[in-house]
Amino acid sequence: MMKSRARLLKIDYVKNRIAFDLEWNSKDHFDRDLTAFRAFFDYGRVSVGVLVTRDTSLVPLKAGRSGGCPVLAFGITSALRKET
């Protein structure tokens, strides 16, 4: 028997073919979220991804890491949030 390891792709919430992910701190996770959007889109499970992050540098989106999956991204700036 041959065993293989696959990277687990997770999205915070999926409903009605809309994927939603909240990524507040880590750029590494941001890249993984886009990869997950791409995989779910490629397999026909979602039609669009929505990403909310506190990072306003949305460079990974410009790099095409979400593949053909359309992504609506919100980068929350420090002017819009109150740190406690």
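Numbering-wise, my numbering puts 107 at position 70 of the sequence shown, and it's gapless, one number per residue.
The C-beta atom is built at its ideal place from N, Cα and C for all residues, glycine as well.
Notebook entry, point to check: Taking the C-alpha atoms as reference points, what is the distance between Thr90 and Cys106?
Noted result: 18 angstroms
Item checked: As assigned by DSSP and simplified to three states, the class of Asp49 -> coil
Check: Got a sec, what are the start and stop residues for the beta strand (DSSP E) Val23 sits in?
Finding: Here the chain has residues from 38 to 121 only, and residue 23 is not among them.
Next item on the list: Sort Asp79, Ala100 and Gly112 by Cα distance to Ser94 and report the nearest one.
Entry: Gly112
Next item on the list: Reducing DSSP to helix, strand and coil, say where Ala100 ends up.
Entry: coil
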